[in-house]
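First to last, the sequence lines map onto chains A and B. Take the first sequence: its position 21, counted from the start at 1, is 190 in this note's numbering, and no numbers get skipped. Take the second sequence: its position 163, counted from the start at 1, is 332 in this note's numbering, and no numbers get skipped. A short worksheet on the structure shown next.
There are 2 protein chains.
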Amino acid sequence: MASFLVNGWPAQSVDAADRGLMYGDGVFRTLVTRAGRALNWSHHYRLLARDCSRLALACPAEPLLLAEIARVMADDGVVKVIVTRGASGRGYGFGDDVEPTRIVAAWPGVPSDPLAGRDGVRVRRCGLALAIQPRLAGVKSLNRLENVLARAEWRDPAVREGLLADAEGRLVEATASNVFFARAGVLVTPALARCGVEGAQRGRVLALAQAEGIACEVRDAGFDELELADEVFLTNSVIGVWPVVALGERRWPPGPLARRFQQLIGEDDARGA
Amino acid sequence: MASFLVNGWPAQSVDAADRGLMYGDGVFRTLVTRAGRALNWSHHYRLLARDCSRLALACPAEPLLLAEIARVMADDGVVKVIVTRGASGRGYGFGDDVEPTRIVAAWPGVPSDPLAGRDGVRVRRCGLALAIQPRLAGVKSLNRLENVLARAEWRDPAVREGLLADAEGRLVEATASNVFFARAGVLVTPALARCGVEGAQRGRVLALAQAEGIACEVRDAGFDELELADEVFLTNSVIGVWPVVALGERRWPPGPLARRFQQLIGEDDARGA
Numbered sequence: 170m171a172s173f174l175v176n177g178w179p180a181q182s183v184d185a186a187d188r189g190l191m192y193g194d195g196v197f198r199t200l201v202t203r204a205g206r207a208l209n210w211s212h213h214y215r216l217l218a219r220d221c222s223r224l225a226l227a228c229p230a231e232p233l234l235l236a237e238i239a240r241v242m243a244d245d246g247v248v249k250v251i252v253t254r255g256a257s258g259r260g261y262g263f264g265d266d267v268e269p270t271r272i273v274a275a276w277p278g279v280p281s282d283p284l285a286g287r288d289g290v291r292v293r294r295c296g297l298a299l300a301i302q303p304r305l306a307g308v309k310s311l312n313r314l315e316n317v318l319a320r321a322e323w324r325d326p327a328v329r330e331g332l333l334a335d336a337e338g339r340l341v342e343a344t345a346s347n348v349f350f351a352r353a354g355v356l357v358t359p360a361l362a363r364c365g366v367e368g369a370q371r372g373r374v375l376a377l378a379q380a381e382g383i384a385c386e387v388r389d390a391g392f393d394e395l396e397l398a399d400e401v402f403l404t405n406s407v408i409g410v411w412p413v414v415a416l417g418e419r420r421w422p423p424g425p426l427a428r429r430f431q432q433l434i435g436e437d438d439a440r441g442a
Numbered sequence: 170m171a172s173f174l175v176n177g178w179p180a181q182s183v184d185a186a187d188r189g190l191m192y193g194d195g196v197f198r199t200l201v202t203r204a205g206r207a208l209n210w211s212h213h214y215r216l217l218a219r220d221c222s223r224l225a226l227a228c229p230a231e232p233l234l235l236a237e238i239a240r241v242m243a244d245d246g247v248v249k250v251i252v253t254r255g256a257s258g259r260g261y262g263f264g265d266d267v268e269p270t271r272i273v274a275a276w277p278g279v280p281s282d283p284l285a286g287r288d289g290v291r292v293r294r295c296g297l298a299l300a301i302q303p304r305l306a307g308v309k310s311l312n313r314l315e316n317v318l319a320r321a322e323w324r325d326p327a328v329r330e331g332l333l334a335d336a337e338g339r340l341v342e343a344t345a346s347n348v349f350f351a352r353a354g355v356l357v358t359p360a361l362a363r364c365g366v367e368g369a370q371r372g373r374v375l376a377l378a379q380a381e382g383i384a385c386e387v388r389d390a391g392f393d394e395l396e397l398a399d400e401v402f403l404t405n406s407v408i409g410v411w412p413v414v415a416l417g418e419r420r421w422p423p424g425p426l427a428r429r430f431q432q433l434i435g436e437d438d439a440r441g442a
């Protein structure tokens with residue numbers, strides 16, 4: 170059961186006229202707290218502010234969000250920060266007077282899955298292809314029906330994630346995580362200029378790769394290239410890094426770069442990044 | 170100010186964990202009531218049920234919705250029926266136990282704009298191109314950020330609507346209405362197999378055209394063809410039929426088919442369709 174702060178007030182509900190509900194007119198980020206402190210916060214806030222700007226939403230101030238995250242989640246847990254356009258009258262248009270809604274939601278406890286991190290996970294390729302929409306590409310908006318439909322494609326609990334292609338067949342991401350693969354020591358993650366969501370963990374892995382001198386390319390890539398990869402892993406803020414060990418008939422062992430980033434992320438979290 | 174029934178109960182708010190807010194995981198329809206009776210109901214309900222089915226949502230029963238519409242709006246007004254996947258825990262996946270949320274929202278009074286219907290409206294072409302996503306094409310889902318961004322492209326109140334192309338340049342719709350044009354006596358409206366929203370008024374115009382023996386084609390069409398049209402009009406459930414009289418430098422007089430459908434829709438409403 171989640172607890173919510175809505176514009177700073179404890180509440181379990183939001184205005185039924187909120188444009189977040191009416192149109193998905195808003196953005197969000199999901200993060201992990203340790204003793205009330207948001208992990209990987211710099212990447213979360215940078216991307217939240219970037220996404221707000223992409224939708225011409227005012228982004229809440231950083232100290233305000235940090236204070237509300239600590240209020241709603243004093244311990245270890247998962248926190249979701251949502252910013253919507255706010256409540257308005259009927260219609261897609263909105264006036265200058267519309268006030269954004271700020272929702273900070275907390276789920277106590279961090280889902281821990283040490284086996285998935287250690288042994289890796291089996292994934293599938295989803296049938297749904299992501300639509301190409303540069304205006305929303307990368308943005309973690311509240312328009313997530315594609316992810317919902319893709320996640321509904323399978324029920325086998327042994328399959329932990331579904332890889333998604335765009336409408337032209339390129340590899341983009343997984344339903345709730347970003348994907349990286351490595352070939353001949355070079356790390357590759359799909360560019361998200363046409364569709365997909367830029368996760369904060371993806372941002373941190375890219376930053377850590379640069380800091381550590383690990384060659385990394387952010388570019389278009391196909392499933393054919395993924396098949397040829399030496400290793401594949403998934404990232405998001407809750408799971409950290411999951412090595413991918415099976416996709417269809419293809420098998421990989423958990424790879425050295427997945428292990429390296431698991432370690433670097435752990436160190437970064439311990440430093441309080 | 171709107172009034173809401175949420176799962177049959179008067180409320181001004183919805184559960185903050187509702188997937189309608191979290192992911193836009195739901196569908197809606199906007200209709201007009203006369204003395205509490207939903208106009209053009211058969212098309213609204215058919216499309217609501219079709220959209221629910223497209224998202225594997227259970228559609229509320231017709232008598233229940235009609236009773237709630239009459240409860241929330243005894244007079245003339247605008248009513249929005251929303252069906253979401255319901256409240257769930259974190260994550261795109263959902264179990265069989267998730268209960269859909271049914272929201273019936275009422276705005277008293279029907280926005281009347283007799284001049285727009287009589288004299289026609291000026292429209293623009295939006296810069297945003299609709300993404301091609303056959304899985305959601307036609308569905309009036311709660312993922313409407315494209316419409317919000319397109320409507321935000323202009324502020325000039327003399328421009329009443331914005332026409333939208335898909336990513337490959339085809340004519341699709343306007344931000345909050347469907348588009349028809351006529352050439353040599355044949356009515357054309359874009360097929361909505363790749364993107365766009367199938368409005369209930371569009372459904373009624375197509376049904377009326379068939380009943381009246383007016384030749385009508387539902388197919389792909391481009392802006393070049395629109396420019397060559399003898400007349401153009403927009404439809405939605407609140408505005409009825411608006412003749413388009415200006416797009417850029419192109420001018421049209423309000424056309425005979427727009428007038429004919431205004432009359433046919435008025436008669437259909439009076440009969441209580």
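Backbone N, C-alpha and C define an ideal beta-carbon position, used for all residues, glycine too.
- Around the beta carbon of V250(A), a 10 Å sphere encloses 16 or more other beta carbons of the protein chains shown; the residue is thus reported as buried.
- When the five nearest sequence neighbours on each side are left out, the beta carbons in the same chain lying within less than 6 Å of the beta carbon of V357(B) are those of F350, E386 and A390, in order along the chain.
- When C-beta atoms of the stretch 286 to 296 of chain B are compared with those of the stretch 206 to 219 of chain B, fewer than three pairs fall below 8 Å, so the two segments do not count as touching.
- Ranked by Cα distance from A298(A), the options T344(A), L311(A) and S310(A) are led by T344(A).
- At least one C-beta of chain A is nearer than 8 Å to the C-beta of T344(B).
- A direct Cα-to-Cα measurement between W178(A) and Q431(B) gives close to 49 Å.
- Nearest in C-alpha terms to F173(B), of all of P229(B), V273(B) and A204(B), is V273(B).
- Between the stretch 258 to 270 of chain B and the stretch 255 to 271 of chain A, the count of C-beta pairs closer than 8 Å stays below three; the two stretches do not touch.
- Taking 4 residues as the shortest admissible run, the stretch 339 to 398 of chain B contains the following complete alpha helix (DSSP H) segments, listed from N- to C-terminal end: 369 to 381 and 392 to 396.
- Interface residue (Cβ-Cβ distance to chain A less than 8 Å): F173(B) is classified as such.
- Rounded to whole angstroms, A275(A) and A207(B) show a C-alpha spacing of 40 Å.
- Close to Q181(B), with beta-carbon spacing below 7 Å, are these residues of chain A in chain order: D184 and A185.
- Distances from the CA of L397(B) to each of A353(B), R388(B) and G372(B) were compared; the closest alpha carbon is that of A353(B).
- Straight across, the Cα-Cα distance linking A230(A) with I301(A) is about 31 Å.
- Listed as beta-bridge partners of S182(A) by DSSP are D184(B).
- Closest in alpha carbon position to L224(B), among A321(A), S406(A), P283(A) and A415(A), is A321(A).
- For W411(A), there is no enclosing alpha helix (DSSP H); the residue is part of the beta strand (DSSP E) that begins and ends at G409 to L416.
- The three-state secondary structure of I301(A), taken from DSSP, is coil.
- Closer than 8 Å to the CB of S310(B) there is at least one CB belonging to chain A.
- Contact between R198(B) and A369(B) holds, with the beta-carbon distance rounding to 6 Å and staying under 8 Å.
- Residues G289, V290, V292, V401, F402, L403 and W421 of the same chain have their beta carbon placed closer than 7 Å to that of V413(A), with the five preceding and five following residues left out of the count.
- In chain order, L340, F350 and V401 place their CB closer than 7 Å to the CB of L395(A), counting only its own chain and leaving out the 5 sequence neighbours on each side.
- In this structure, G193(B) sits near L314(A), with a CB-CB distance shorter than 8 Å.
- F402(A) sits in a strand when the DSSP states are folded into three classes.
- With a threshold of 8 Å between beta carbons, W276(A) makes contact with chain B.
- Where P425(B) is concerned, the enclosing alpha helix (DSSP H) starts and stops at P425 to R440.
- Leaving aside the five residues that flank A239(B) on each side, the residues in its chain whose CB is nearer than 6 Å to its CB run, in chain order, G205.
- Listed along chain A, the residues sitting closer than 7 Å to L297(B) by beta-carbon distance are R304.
- The C-beta distance from L318(A) to D187(B) rounds to 18 Å, too long to meet the 8 Å contact threshold.
- A Cβ-Cβ distance of about 25 Å is found for the pair D282(A) and I383(A), leaving them out of contact under the 8 Å criterion.
- For V247(A), the closest Cβ of chain B is nearer than 8 Å.
- With a threshold of 8 Å between beta carbons, R198(A) makes no contact with chain B.
- Shown here, R313(B) sits in coil according to DSSP, grouped into three states, outside any helix or strand.
- Closer than 8 Å to the CB of D194(A) there is at least one CB belonging to chain B.
- In the three-state reduction of the DSSP assignment, E231(A) falls in the helix class, which pools H, G and I.
- For P283(B), the enclosing alpha helix (DSSP H) begins and ends at P283 to D288.
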